[in-house]
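Here the structure is laid out as structure tokens; the discussion comes afterwards.
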Amino acid sequence: MPELPEVETIRRGLEREVVGKRIKSVEVSGLRSIRRHKTKKDFISRLEGAKVKTARRRGKYVILALDTGELLVLHMGMSGQLRRAQAKDPTEKHTHVVFTFTQGGQLRFLDPRTFGELFVTVPDALTAEVPELAELGFDPVDQPLAITVFAQRLLGRPDTKLKPLLMDQTFIAGIGNIYSDEILWESGLRGDRTPRSLSNMEIRRLFRAIVEILHEAVKHRGSTLSDQQYVDLVGRPGDYQQFHNVYDRGGQACRRCRATIIREKSQGRSTFSCPSCQV
DNA sequence: ACGCCCGCCTGTAAGC
DNA sequence: TGCTTACAGGCGGGCG
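Going by my numbering, the first sequence runs without a break in its numbering and finishes at 293.
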């Protein structure tokens, strides 16, 4: 579910709600959510008593640094949610992990489809044990890149289609199915164009669109679609869906040229685009 | 290196 | 009212 803007919104919530608090107890009911750990006990014992020092983000991963020197890494997958709660609040369905803090209050991880996960690791192991994190590409919000470097890296993948390339987490970290479509529309580029085929001006437009779309989406606290699956720590939905120009707008008029937005499948994912102003 | 397909899960909506 | 199918913000792996 969540892409960079949603995860960044979650991270900011954690900074407000969780950083500085000490974990009193951890309850795990969904073993699949902590599947990298051999035992539940291993996960729990490395967290209980630890204080959360910082909340960082790399692409779609949230990384909480603990005062034990270890890191709690979270990935939401398609349907993961983190919610602030009180101990007396009823347990919602699909609640897999509950953190209770010494200062009171809880953080709960909910995840119907169970593609999300949490694990504790030491910083050095991030490269050895977690290659997918070590190999993440640049984060367009957290680590802005000079356009010259971007252009160079883009041309290092001359024949990959732009849509899969934008979604390749080892190339750029944080972009998924919604924001790749929005970025391509903003750039006026088709998702099946290749870096080799781009003019310098088109590369500039693409670069600017990546930065602008993601910053705007963060500003509006991400996108919440009709299923209401994505909400922040306090249950508040995002606003950015109202600014979508193509995603989930199949059959509707393009806001730039009035042509009809089309929906098609690419790599098994729905892709939305304007057949007239994306070239 | 790249494109395509599958599997991993559950819930929901649409179609018959 | 069922039952079946398709599809959903992610990712990794396997195959040609």
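All C-beta atoms, glycine included, are put in the ideal place defined by N, C-alpha and C.
Everything numeric in this text was worked out from a predicted model, so none of it was measured.
With contact defined as three or more Cβ pairs closer than 8 Å, the region 30-46 and the region 58-72 are in contact.
In this structure the region 190-201 lies against the region 212-225, because at least three pairs of beta carbons, one per stretch, are closer than 8 Å. At least 7 Å separates the beta-carbon of Gln-281 from that of Ile-275.
Where Thr-162 is concerned, the enclosing alpha helix (DSSP H) starts and stops at 161-169. Spatial neighbours of Arg-50 in its own chain (CB-CB distance under 6 Å, excluding positions within 5 residues in sequence) are listed in chain order as Phe-133. When secondary structure is reduced to three states using DSSP, Gln-255 falls in the helix class. With the rule of 3 Cβ pairs closer than 8 Å, the region 94-111 does not count as touching the region 138-147. In this structure, Phe-185 lies away from Leu-176, with their beta-carbon atoms at least 7 Å apart. In the three-state DSSP reduction, Arg-210 falls in the helix class (H, G or I).
Under the DSSP assignment, Ile-58 falls in the alpha helix (DSSP H) whose first and last residues are 54-59.
For the set Arg-207, Phe-152, Glu-20 and Arg-70, the Cα lying nearest the Cα of Val-293 is the one of Arg-207.
Rounded to whole angstroms, Pro-16 and Arg-263 show a C-alpha spacing of 19 Å.
A distance below 6 Å between beta-carbons, with the five flanking residues on each side excluded, links Asn-191 to the following residues of its chain, in chain order: Arg-283.
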